[in-house]
Structure formats: C-alpha cells, structure tokens
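Chemist:
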Amino acid sequence: AQKVTQAQTEISVVEKEDVTLDCVYETRDTTYYLFWYKQPPSGELVFLIRRNSFDEQNEISGRYSWNFQKSTSSFNFTITASQVVDSAVYFCALRGGPGTASKLTFGTGTRLQVTL
Amino acid sequence: NAGVTQTPKFQVLKTGQSMTLQCAQDMNHEYMSWYRQDPGMGLRLIHYSVGAGITDQGEVPNGYNVSRSTTEDFPLRLLSAAPSQTSVYFCASSYWVTGRNSPLHFGNGTRLTVT
Numbered sequence: 575a576q577k578v579t580q581a582q583t584e585i586s587v588v589e590k591e592d593v594t595l596d597c598v599y600e601t602r603d604t605t606y607y608l609f610w611y612k613q614p615p616s617g618e619l620v621f622l623i624r625r626n627s628f629d630e631q632n633e634i635s636g637r638y639s640w641n642f643q644k645s646t647s648s649f650n651f652t653i654t655a656s657q658v659v660d661s662a663v664y665f666c667a668l669r670g671g672p673g674t675a676s677k678l679t680f681g682t683g684t685r686l687q688v689t690l
Numbered sequence: 249n250a251g252v253t254q255t256p257k258f259q260v261l262k263t264g265q266s267m268t269l270q271c272a273q274d275m276n277h278e279y280m281s282w283y284r285q286d287p288g289m290g291l292r293l294i295h296y297s298v299g300a301g302i303t304d305q306g307e308v309p310n311g312y313n314v315s316r317s318t319t320e321d322f323p324l325r326l327l328s329a330a331p332s333q334t335s336v337y338f339c340a341s342s343y344w345v346t347g348r349n350s351p352l353h354f355g356n357g358t359r360l361t362v363t
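Okay, structure coming up:
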C-alpha cells in the first residue's frame with residue numbers, strides 16, 4: 575500500500591523567512607512518481623512539480639526548491655524568502671509505477687500562512 | 249482550451265436525494281478520477297478510469313457510482329445523498345498511456361452540502 579505523510583499540519587512564518595515543507599512516503603514500488611500541488615485560498619489545485627523515482631536530482635525553480643532523497647523516502651519542498659502570495663495548502667502526492675494500480679495518493683496537506 | 253470542467257460549482261441536497269456531478273475534459277486524457285476533500289483528510293480517491301468503458305474503485309467508493317462512456321466525460325453519481333457526503337469534490341485527468349509521471353489536471357471543484 576502507498577502512503578504519504580505530511581506531518582506538519584500548519585506552519586506560520588513571517589514574510590521573507592525560508593520555510594521547508596516535509597513529505598515522507600511509503601511504497602513497495604521500485605518505480606514511482608512524486609508530485610507537489612498548491613491549493614491557494616481560492617480553492618483550485620495547482621501542479622508545482624513532479625519527480626521520478628530514478629531521478630534524484632534536486633530542482634530549483636525561482637524561490638522554490640525540492641529535495642528528493644530516496645534513502646529517507648522524503649521529498650521536501652523549500653520556499654526561500656516566502657511571500658504572502660505563498661499562503662496556501664500544499665499537498666505532496668505519490669503515484670505507483672507500471673503494473674500497479676493507477677492511484678495517486680495524497681498526503682493530508684500542510685497549510686502555510688505567510689504574514690507581513 | 250477549457251481543461252477540466254466541473255459542474256455545478258455549488259449544490260445543496262436533502263438527505264436521500266440523488267444527483268450527478270458532471271466532469272468533462274478536452275485534453276484527450278485517458279485517465280480521469282474523482283476525489284473528495286474533507287478538512288484534515290487531504291484528497292481521497294473515490295473512483296477512477298483509465299479509458300472509456302473502464303472504471304475502478306478508489307479509497308472511498310461507497311455511495312457513489314461512475315461510468316465512462318466517452319473519453320471526455322466522467323460523471324459522478326450520488327445515489328442517495330447522506331450528510332457524510334458533504335464535501336468538496338474534484339475531478340482530475342491526466343495522460344496515462346504515455347506515462348504515469350503525467351500530472352493530474354484538476355477541475356475547480358464542486359462544493360456539496362447534504363442537509
């Protein structure tokens with residue numbers, strides 16, 4: 575069975591602080607795919623990034639960076655110099671590889687509140 | 249390009265009523281799915297489909313039916329609404345044949361209240 579754990583229910587930071595959102599996953603698949611989604615207060619779900627299990631390179635996109643570590647089954651998300659517009663709920667998700675059910679399993683989300 | 253379109257945006261039902269949440273996508277995605285979002289629970293998969301004529305159950309399928317007669321449409325039917333089905337429902341789609349790393353594209357959600 576697949577499982578995604580986002581232990582941080584809610585995080586509050588002051589603008590310009592750096593913040594890391596944790597994601598730990600469990601899967602028996604050797605090939606799998608990890609995703610991060612953002613849900614702003616308006617409610618839509620916005621895709622941020624995907625990572626294949628065989629690609630452990632970290633990724634940076636502007637103020638966002640992702641640290642994928644297979645050894646610890648983690649796929650953490652860091653926002654550098656946070657802004658009020660980053661306030662949202664962030665979801666980590668896992669999808670199994672070929673031959674497994676096609677379910678995308680989500681964590682319970684981390685609510686990030688960025689204040690001035 | 250409309251993406252994933254869900255209707256209605258809001259719905260109030262009485263216990264025991266039935267209704268259908270509509271979902272359509274215009275991206276020729278093979279994979280379509282329904283999720284419900286409840287506070288503190290994240291998104292939970294209700295039903296999914298990997299192509300026309302093929303559906304399967306997700307994590308919380310009880311009380312819901314789906315069908316997939318075309319690639320574009322994937323309606324979700326509530327057979328006899330219960331207060332426990334009060335939730336926000338999201339439809340999502342993605343490519344499937346070309347790889348499981350395809351991200352899901354979500355509709356804007358339907359907020360359902362059952363009284």
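These protein sequence lines map, in sequence, to chains A and B.
Numbers 575 to 690, taken from our numbering, label the letters of the first sequence in order.
Numbers 249 to 363, taken from our numbering, label the letters of the second sequence in order.
Note that CB positions come from ideal geometry on N, CA and C, so glycine has one too.
For chain A, find out if any of its Cβ atoms is closer than 8 Å to the Cβ of N291 of chain B; answer yes or no.
Modeler: In the sequence as presented, Asn is not what sits at residue 291 of chain B; that position holds Leu. Judged by the 8 Å Cβ criterion, L291 of chain B is in contact with chain A.
Chemist: What did DSSP end up calling S281 of chain B once you bin it into helix, strand or coil?
Modeler: Strand.
Chemist: Pick out whichever of A:T601, A:A655, A:E591 has its Cα sitting closest to the Cα of S627 of chain A.
Modeler: The shortest C-alpha separation from S627 of chain A is found at A:T601.
Chemist: Candidates B:L327, B:T255, B:S341, B:G357: which alpha carbon is nearest P309 of chain B's?
Modeler: Nearest C-alpha to P309 of chain B: B:L327.
Chemist: Considering only the beta carbon of each residue, do Q273 of chain B and G299 of chain B sit closer than 8 Å?
Modeler: No, they are not a contact pair.
Chemist: Does Y607 of chain A get closer than 8 Å to chain B when you measure Cβ to Cβ?
Modeler: Yes, because at least one Cβ of chain B sits closer than 8 Å to the Cβ of Y607 of chain A.
Chemist: Are there 16 or more other CB atoms within 10 angstroms of the CB of L690 of chain A, so buried, or fewer, so exposed?
Modeler: Label assigned to L690 of chain A: exposed.
Chemist: At a cut of 8 Å, does the stretch 317-336 of chain B reach the stretch 650-659 of chain A through at least three beta carbon pairs?
Modeler: Flag = no, the stretch 317-336 of chain B and the stretch 650-659 of chain A do not touch.
Chemist: Quick one: residues in its chain with C-beta nearer than 7 Å to the C-beta of E591 of chain A, no 5 flanking neighbours on either side, listed in chain order?
Modeler: Taken in chain order, the residues that qualify are S656.
Chemist: So W640 of chain A is in the beta strand (DSSP E); what residue range does that whole segment cover?
Modeler: Run containing W640 of chain A: 638-643, per the beta strand (DSSP E) assignment.
Chemist: For the stretch 593-626 of chain A, list every residue whose C-beta sits within 7 Å of some C-beta in chain B, in sequence order.
Modeler: The residues in question are Y607, F609, G617, E618, L619, F621, R624, N626.
Chemist: Once the 5 residues before and after R359 of chain B are set aside, which same chain residues still bring their CB inside 6 Å of it?
Modeler: Once the five neighbours on either side are set aside, the close Cβ partners of R359 of chain B are F258, V336.
Chemist: So, F680 of chain A versus G306 of chain B, is the Cβ gap smaller than 8 Å?
Modeler: No, they are not a contact pair.
Chemist: Write down the C-beta distance between V593 of chain A and A667 of chain A rounded to the nearest angstrom, noting that I regard them as a contact closer than 8 Å.
Modeler: About 20 Å separates the two Cβ atoms, so there is no contact after all.
Chemist: Might you give, ordered along the chain, the residues of its own chain that have their beta carbon closer than 6 Å to the beta carbon of R625 of chain A, omitting 5 neighbours on each side?
Modeler: L608, F642, listed in sequence order.
Chemist: So the beta strand (DSSP E) T318 of chain B belongs to, where does it begin and stop?
Modeler: From DSSP, T318 of chain B is part of no beta strand (DSSP E); its letter is neither H nor E.
Chemist: Along the stretch 331-345 of chain B, where does the CB come closer than 9 Å to a CB of chain A? Name the residues.
Modeler: Residues V336, F338, A340, S342, W344.
Chemist: When burial is assigned at 16 or more other CB atoms within 10 Å of the CB, is P256 of chain B buried or exposed?
Modeler: By the neighbour-count rule (16 or more Cβ atoms within 10 Å), P256 of chain B is not buried but exposed.
Chemist: By Cβ distance, which residues of its chain are closer than 6 Å to L595 of chain A, with the 5 residues on each side in sequence left out?
Modeler: The answer, listed in chain order, is F651, Y664, T684.
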